[in-house]
Amino acid sequence: MAGAYVDDPDQEITVTEVPPPAISGGTLIVASDGRTAVAADADRDRVWIVDLDGGEPAAVPLERGDEPGRLVEDASGRVHVALRRAGAVVTLDVEARSVIARREICRAPRGVAYDAASDAIHVACAGGELVTLPASGGPAVRKLRLAPDLRDVVVEGDRLLVSRFRSAETLVVGPDGAVLSRRTLPVFHSNGFANSDYAPSVAWRMAPLAGGGALMVHQRSMSSKVTLSPGGYYQAADCDGNIVHAAVSRIDPADVPDTSSTSLPAAAIPNVSLPVDIAVAPDGARMAIVAAGRRSVVSATVDNLERDAETDSCSPEVTANAVSGQPVAVAFDGQGEIVVQLREPAALQVLGGRIIALPGESVKDTGHEMFHRPPNGVSAVACASCHPEGHEDGRTWDFDPVGLRRTQALGGGILKTAPLHWSGDLQDLAGLMGEVFVSRMGGQQPGARRLDLMARFLDSLPAFPASPPEDDAAVARGEVLFHDKQVACADCHGGPMLTNNRNEDVGKGEWLQVPSLLGISGRAPFMHDGCAATLHDRFDPLCGGDKHGDVSGLTSAQLDDLVAYLETL
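Heads up: the sequence shown begins at 18 in the working numbering, then just goes up one per residue.
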């Protein structure tokens, strides 16, 4: 239950028993009958089955800590739900309101899609696995290792479109499991904030289009210099007045040759913070996007995407719809009405219509709220904009006057690695909040109680879930090398957090804070300046040299073993 505490007489503080998980979005579908909504409640570990025409909502309870996420309906009316923290997929009998199967899939299942031709479910995992299992039950029939950080799956005939979360890249996978092409989104130039280029990042959701291909709602991050002055992360409330903004891009069908180098960048979407979900209407003409940070849902016509980009850097023809809580997911019902899932208070809201309350405890938590909402009325940037799902956006920023700085991961106990930031110049969370939340983002200095609750939320974030190794013997050999005194990795990366909490000279021209290696497999690119695209690249002399562990005496095979061990941390 949430309890109220007094820190600032003008602001209520609420605390849950356990900090809620970071917002992931995409937890709602409307079944093929057009009126039955199925909503995964990641905060309360249950799935709701709701008749939008009336009747009492039914809850299907799950195990504590499951964190249900994406859902998909198969041809027999069963609904399959990815359990983000439990490493499994559950299958629901919607008519009986019950779980009929629970299957282990991978450490971190994310996207799910139904393949009608083979009556199969495809599951994309954060660790890079793409798992295929029969919809009717039974073990997996195929397991591929594609690339880390997989997100969503769209089925097109015998091919699949598979998105990657932080890079916003799309993989086209052929029927034999081979990656046929990799599609990247184009860089966007804004004449607004700092006359800057923006690089695609953080593909929150990819949804299929009826005619083939998909829409991807994603962020774009400024690749020009960011001035570290008060308000340096934003300039105005327009769509491209921040270091991060939202956009929707059209992904070509799987059988179309890669045209990413010539495709037109989509326009930015105004005043959208944390675009965690997108849905397409049954007729394919309209779309709706969740802005979880701004507590609204925006809608637009699909055909305006390219036209808006040609005429303006903003998308002018979007409609902002206020909602009655914090939205996390959106879908269209059979009549083309927009249905929104609210996490707090728990409800489904039909825009322009009724609100269907979902019974349950409050999950309103001040630390969670501070992390997910812009700290002022001007910026659209929240903490979660650069640290989506409590991790990081994969970006290397060019800060003036500091230089290149890779966004640091927060999961796994970041506060235990203090002092903070790559330069180790911020002694604790109070210092970090003063520099980033207050100065750069324009927020108010939090009181002691709010600071404690932000720390509590940050400490609850898990590290990136490493996938099981394919070669246990290689991992064992790599662990020996990691602790070898000549190689000396463990001299700095030791203890429970795999860091000595100090600044060291690692051959990059400045003394840098030693980061934790927990969850390192999901944090490419590596180093403070992003010089290493892969863990193997980290051992290139141009990306650290022998001051950063002495690997000069290791063979190529031994480096493979060392990397195999690091990927398990």
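We treat Cβ as the ideally placed atom computed from N, Cα and C, and that holds for glycine.
Distance from the CA of HIS545 to the CA of ASP563, rounded to the nearest whole angstrom, comes to 17 Å.
Residue burial annotation: LEU559 is exposed, with fewer than 16 other C-beta atoms found within 10 angstroms of its C-beta. VAL55 is not a Cβ neighbour of GLU80, given a cutoff of 9 Å.
In the DSSP secondary-structure assignment, GLN343 is bridged to GLU361. With a cutoff of 9 Å on beta-carbon distance, ARG119 and VAL106 are scored as near each other.
With contacts defined as CB atoms closer than 9 Å, HIS385 and ALA39 qualify as a contacting pair.
Of all alpha-carbon atoms in ASP132, VAL111, ARG95 and PRO151, the one lying nearest the alpha-carbon of ILE122 is that of PRO151. DSSP, reduced to helix, strand and coil, places GLN236 within a strand of the structure shown. ARG540 is the residue among ARG540, SER573 and ALA550 whose C-alpha sits nearest the C-alpha of THR585. The closest CA to that of TYR131, considering only GLU146, ALA76 and GLY94, is found on GLY94. Distance from the CA atom of ALA399 to the CA atom of MET514, rounded to whole angstroms, is 27 Å.
ASN520 has GLN530 as its beta-bridge partners, per DSSP.
CYS142 is bridged by DSSP to PRO126. Counted as a single uninterrupted DSSP element, the stretch harbouring PHE481 is not any alpha helix (DSSP H), since DSSP gives it neither H nor E. Closest by C-alpha distance to ALA397, out of PRO292, GLU496 and LEU470, is PRO292. Annotation: the continuous alpha helix (DSSP H) that includes THR383 extends over 383-389. Counting only residues of its own chain and dropping the five nearest sequence neighbours on each side, ASP68 has a CB closer than 7 Å to the CB of ARG52 and THR53. Comparing alpha carbon positions, the residue from LEU109, VAL314, GLY448 and ALA164 closest to ALA263 is VAL314. The Cβ neighbour count for GLU84, taken over all protein chains shown within 10 Å, is at least 16; the residue is labelled buried. Within the same chain, ASP382, GLY384, HIS385, ARG473, PHE474 and SER477 come within 7 Å of PRO36 by CB-CB distance, once the 5 residues on both sides are set aside. Cβ-Cβ distances below 6 Å link TRP221 to GLY42, VAL234, PRO292 and VAL293 in the same chain, with the five nearest sequence neighbours on each side left out; the list follows chain order. DSSP places VAL580 inside the alpha helix (DSSP H), whose first and last residues are 573-583. DSSP places LEU446 in no beta strand (DSSP E) but in the uninterrupted alpha helix (DSSP H) bounded by 446-449. The C-beta of SER207 has 16 or more other C-beta atoms within 10 Å across all chains shown, which makes the residue buried.
Annotated as distal: PRO405 and GLY144, with beta-carbon spacing of 9 Å or more. Cα atoms of PRO418 and VAL243: separation of roughly 9 Å, rounded to the nearest angstrom. In this structure, SER456 keeps its C-beta atom at 9 Å or more from the C-beta atom of GLN530.
Beyond the five residues adjoining it in sequence on each side, ARG101 comes within less than 6 Å, by CB distance, of GLU84 and GLY86 in the same chain, given in chain order. In the structure shown, SER153 falls within a coil segment according to DSSP collapsed to helix, strand and coil. For PHE182, there is no enclosing beta strand (DSSP E), as DSSP marks it with neither H nor E. Following the DSSP letters along the chain, one finds VAL171 inside the beta strand (DSSP E) bounded by residues 167-173. The beta carbon of PRO270 lies closer than 7 Å to those of GLU173, GLY229 and GLY230 in the same chain, with the five residues before and after it left out. Between the C-alpha atoms of HIS438 and GLY524 there is a straight-line separation of about 18 Å.
Residue ARG267 holds the alpha-carbon nearest to the alpha-carbon of ALA224 among ARG267, ASP166 and THR434. Cβ-Cβ distances below 6 Å link VAL261 to GLN236, SER238, VAL398 and SER402 in the same chain, with the five nearest sequence neighbours on each side left out; the list follows chain order.
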